[in-house]
Amino acid sequence: MRIEDIKTPAYVIDEKKLRENLEILKKVQDESGARILLAQKAYSIYQTYPLIAEYLFGATASGLYEAKLAHEEMHSKTYPEKKLENHVFEPAFEEEEMAELCDICDHIVFNSLNQLETHRKIWEPFVESGKVSVGLRINPEFSTQEEHEIYDPCSSGSRLGIRLVDMPETLPEGVEGIHFHTLCEQGFEPLEDTFRDVEKRFASYFSQIKWINLGGGHHITREGYNIEGLISLVKYIREKYSISVYLEPGEAIALDAGYLVTTVMDIVETERMPVLILDTSAACHMPDVLEMPYRPPLRDSEEAGEMKYTYRLSSRTCLAGDIIGDYSFSEEKKIGDRLYFEDMAIYSMVKNNTFNGMPLPDIDILHEDGEVEILKRFGYENFKTRL
Ligand SMILES: Cc1ncc(COP(=O)(O)O)c(C=O)c1O
Numbered sequence: 001m002r003i004e005d006i007k008t009p010a011y012v013i014d015e016k017k018l019r020e021n022l023e024i025l026k027k028v029q030d031e032s033g034a035r036i037l038l039a040q041k042a043y044s045i046y047q048t049y050p051l052i053a054e055y056l057f058g059a060t061a062s063g064l065y066e067a068k069l070a071h072e073e074m075h076s077k078t079y080p081e082k083k084l085e086n087h088v089f090e091p092a093f094e095e096e097e098m099a100e101l102c103d104i105c106d107h108i109v110f111n112s113l114n115q116l117e118t119h120r121k122i123w124e125p126f127v128e129s130g131k132v133s134v135g136l137r138i139n140p141e142f143s144t145q146e147e148h149e150i151y152d153p154c155s156s157g158s159r160l161g162i163r164l165v166d167m168p169e170t171l172p173e174g175v176e177g178i179h180f181h182t183l184c185e186q187g188f189e190p191l192e193d194t195f196r197d198v199e200k201r202f203a204s205y206f207s208q209i210k211w212i213n214l215g216g217g218h219h220i221t222r223e224g225y226n227i228e229g230l231i232s233l234v235k236y237i238r239e240k241y242s243i244s245v246y247l248e249p250g251e252a253i254a255l256d257a258g259y260l261v262t263t264v265m266d267i268v269e270t271e272r273m274p275v276l277i278l279d280t281s282a283a284c285h286m287p288d289v290l291e292m293p294y295r296p297p298l299r300d301s302e303e304a305g306e307m308k309y310t311y312r313l314s315s316r317t318c319l320a321g322d323i324i325g326d327y328s329f330s331e332e333k334k335i336g337d338r339l340y341f342e343d344m345a346i347y348s349m350v351k352n353n354t355f356n357g358m359p360l361p362d363i364d365i366l367h368e369d370g371e372v373e374i375l376k377r378f379g380y381e382n383f384k385t386r387l
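First residue of the sequence shown: 1, per the numbering used here; consecutive thereafter.
The structure is reproduced here in structure tokens:
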């Protein structure tokens, strides 16, 4: 099937672009010795994990379910001989979860000394046998952006990570690594600034650790990213401190590697501009558009007013604010026309919902030979079983 013939709405993963991103990340790994993990919170399309496993060092999870997914779909099935790693960080774990996580994970990162000690009796034997490595998430208290406060783990009052004042003088018995995650869609320079600050303020811990995890938020695969800078920083950390360096980007892995294809269902005239009613929804299928907020790129369109025909793009939900944005086109739009939203592989399928009983879009993959394969199709049952 060709992309023009697919059923809409559908997310379409672009396999070629995904591979291109992975090749860039592999170059960073090969040249710097960094260990790069897929942050599944951004992208969990496990049908492509075999491809990702060809390039990266493993995956990281935000909790038990993602950890199980990586265990089943990346570590057990594909390349068991490669010994890909499975990491997890969550602000708080349940006791039963901890036992299961110790079985399937290589690294477990705790958000507080209290959580570390609460679960010590479970993880300690796994650390002693060398099966699991345990780390602490620190809060560098070093904000590098003001744009998206909800995505800034260093914002005032943040619950994410242990501040220096709350750290013990020496790391608790069994702790082998430190982790921080502070960036969001950023270039290399904020990472370097953050690391240099951490290196000064948390200096005493560097001789006590085997690894450091620099988190995600690195837009390594975006054009213009200072890849050489990243490679030399990672090499510097590895050589100076003799530790392993992990990076766990989510977005960078599938950046610009997917589309949301939608069809115009109706056109409603208003006193401001005509509104296209689409078979997709910002609230249900691209919640980041409203949460971030941002205006998703749309193929063959410009800002409102720049081309002859301007429309507001909206949805068939009842939410008045379910508006994707205002766009202009060179041609008048008709019912039945298709539109392609770009950069829709990340934080979309992992976040969507069935508010209003909206059907979930199909998940398709555009293979490198131009053929589209349906990976998942959803129906009424998927709506009903969640309620
Ligand atoms: C702990 C942690 N690691 C990695 C990531 C991935 O970040 P991104 O998708 O922006 O690269 C996140 C995102 O919130 C995170 O919280």
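Don't be surprised by glycine CBs; every beta carbon is placed ideally from N, CA and C.
It should be emphasised that the depicted structure is a prediction, and the values quoted were computed from it without experimental measurement.
Counting along the chain, residue 14 sits inside the beta strand (DSSP E) bounded by residues 10-14. The beta-carbon separation of residue 218 and residue 257, rounded to 16 Å, does not stay under the 8 Å limit for a contact. With 5 Å as the limit between CB and the heavy atoms of ligand 1, the residues that fall short of it are 39, 42, 181, 215, 216, 217, 248, 249, 250 and 251. CA-CA distance, residue 5 to residue 350, rounds to 25 Å.
In the structure shown, residue 27 adopts helical secondary structure according to DSSP, grouped into three states. With a 10 Å radius around the Cβ and a threshold of 16 neighbouring Cβ atoms, residue 318 comes out exposed. Its chain contains no residue whose beta carbon lies nearer than 7 Å to that of residue 129 once the 5 sequence neighbours on both sides are disregarded.
Secondary structure of residue 54 (DSSP, three-state): helix. Here the C-alpha atom of residue 95 lies approximately 33 Å from the C-alpha atom of residue 194. When DSSP states are grouped into helix, strand and coil, residue 213 belongs to the strand group. Of all C-beta pairs linking the region 200-214 to the region 231-247, three or more are shorter than 8 Å, placing the two stretches in contact. About 21 Å separates the beta carbon of residue 160 from that of residue 196, a gap too long to meet the 8 Å contact definition. For residue 385, there is no enclosing beta strand (DSSP E), as DSSP marks it with neither H nor E. In the DSSP assignment, residue 18 forms no beta bridge with any residue. For residue 82, the three-state secondary structure derived from DSSP is helix. Beta bridge pairing from DSSP links residue 117 with no other residue. By the criterion of at least three beta-carbon pairs nearer than 8 Å, the region 288-303 is not in contact with the region 55-70. When the five nearest sequence neighbours on each side are left out, the beta carbons in the same chain lying within less than 8 Å of the beta carbon of residue 82 are those of 53, in order along the chain. For residue 285, the uninterrupted alpha helix (DSSP H) segment begins and ends at 282-285. Residue burial annotation: residue 117 is exposed, with fewer than 16 other C-beta atoms found within 10 angstroms of its C-beta.
Under the DSSP definition of a beta bridge, residue 263 partners with 338. For residue 198, the enclosing alpha helix (DSSP H) has its first and last residue at 188-201. Around residue 378, the same chain offers 360 as residues with beta carbons nearer than 6 Å, after the five sequence neighbours per side are excluded.
Nearest to residue 146 by C-alpha distance, out of 305, 123 and 155, is 155.
For residue 104, the enclosing alpha helix (DSSP H) starts and ends at 95-104.
Around residue 206, the same chain offers 241 as residues with beta carbons nearer than 6 Å, after the five sequence neighbours per side are excluded.
In summary, residue 182 is buried, with 16 or more beta-carbon neighbours lying within 10 Å of its beta-carbon over all protein chains present. In the three-state DSSP reduction, residue 315 falls in the strand class (E or B). Counting along the chain, the unbroken beta strand (DSSP E) around residue 39 starts and ends at 35-39.
Rounded to whole angstroms, the gap between the alpha carbons of residue 304 and residue 267 is 17 Å. The distance from the Cβ of residue 279 to that of residue 316 is about 7 Å, consistent with a contact at the 8 Å cut-off.
The beta carbon of residue 151 is closer than 6 Å to those of 184 in its chain, skipping five residues each way along the sequence. Comparing C-alpha distances from residue 333 to each of 289, 97, 264 and 370 shows the shortest one belongs to 264.
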